[in-house]
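So the structure is just underneath, and the comments pick up after that.
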Amino acid sequence: MIDFLELQSKVNGNGKRVVPLAALWHVLIEGLNPIWPSRIQLTGKSLGDVWPCTVLSAPGQSEGDDLVAFHKLTSWLTYSIVEGLQKVAKWEIEGLEDLTGLPEYRNGNDRIADAIRTKLGLTSKQLTLAQVLESATWKGGREIAKKKRPETTSPPIEIESDGTVF
25 MIDFLELQSK VNGNGKRVVP LAALWHVLIE GLNPIWPSRI QLTGKSLGDV
75 WPCTVLSAPG QSEGDDLVAF HKLTSWLTYS IVEGLQKVAK WEIEGLEDLT
125 GLPEYRNGND RIADAIRTKL GLTSKQLTLA QVLESATWKG GREIAKKKRP
175 ETTSPPIEIE SDGTVF
């Protein structure tokens with residue numbers, strides 16, 4: 025993975041390696057593909073954390089138009105690897121603004137990050153979405169769940185799942 029990312033990167037005028045986030049996402053999605061269960065496939069390829077949504081089903085639509093991708097664990101892994109590349113390798117990751125909030129109830133969404141940044145007068149480089157997710161929405165969601173549902177501390181909505189979320 026590191027070799028691939030290094031090949032996809034460039035060195036800026038300050039001598040710092042700059043890696044496109046899209047290259048990291050590509051290597052993770054393609055590299056992890058063999059471990060995904062073959063529950064849902066499109067053109068013979070296992071899709072991982074992708075689920076059909078009946079609301080999107082319509083007569084005459086193309087195959088896969090009713091599928092919604094979450095890739096929750098791949099997203100978590102991306103955030104973790106980005107942090108390691110930045111702190112240990114001292115690489116700059118370009119395109120972090122393309123990361124999304126994670127698809128679960130307690131993370132809110134990107135609008136929360138924008139509102140917090142505006143209130144604090146910070147940019148997305150000064151306060152990243154990852155920092156907001158970890159310190160604000162994720163932690164806050166856990167604390168609220170503990171108070172509202174002390175017997176389970178689980179999400180407010182139960183879903184049917186086969187336990188394979190990639």
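In my numbering, the protein residues as written are 25 to 190. Quick reminder that beta carbons are idealized off the backbone N, C-alpha and C, glycines included. Values in this document were obtained by computation on a predicted structure and should not be read as measured data.
Take Ser99, set aside five residues on each side of it, and the residues of its chain with a beta-carbon closer than 6 Å to its own are Leu126, in chain order. Leu146 and Ile105 have their C-alpha atoms spaced approximately 24 Å apart. Residue pairing by DSSP puts Glu118 in a beta bridge opposite Pro44. For Trp75, the enclosing beta strand (DSSP E) begins and ends at Val74 to Pro76. Counting other Cβ atoms within 10 Å of its Cβ, Val79 stays below 16 and is therefore classed as exposed. Scanning Asn38, Ala47 and Lys40 for the CA closest to the CA of Gly119 turns up Ala47.
In the three-state DSSP reduction, Ser159 falls in the helix class (H, G or I).
In the DSSP assignment, Ala82 falls outside any beta strand (DSSP E), carrying neither H nor E. Judged by beta-carbon spacing, Arg41 lies within the 8 Å limit of Glu116, meaning their Cβ atoms are closer than that value. In this structure Leu144 is exposed. Its beta-carbon is surrounded by fewer than 16 other beta-carbon atoms within 10 angstroms.
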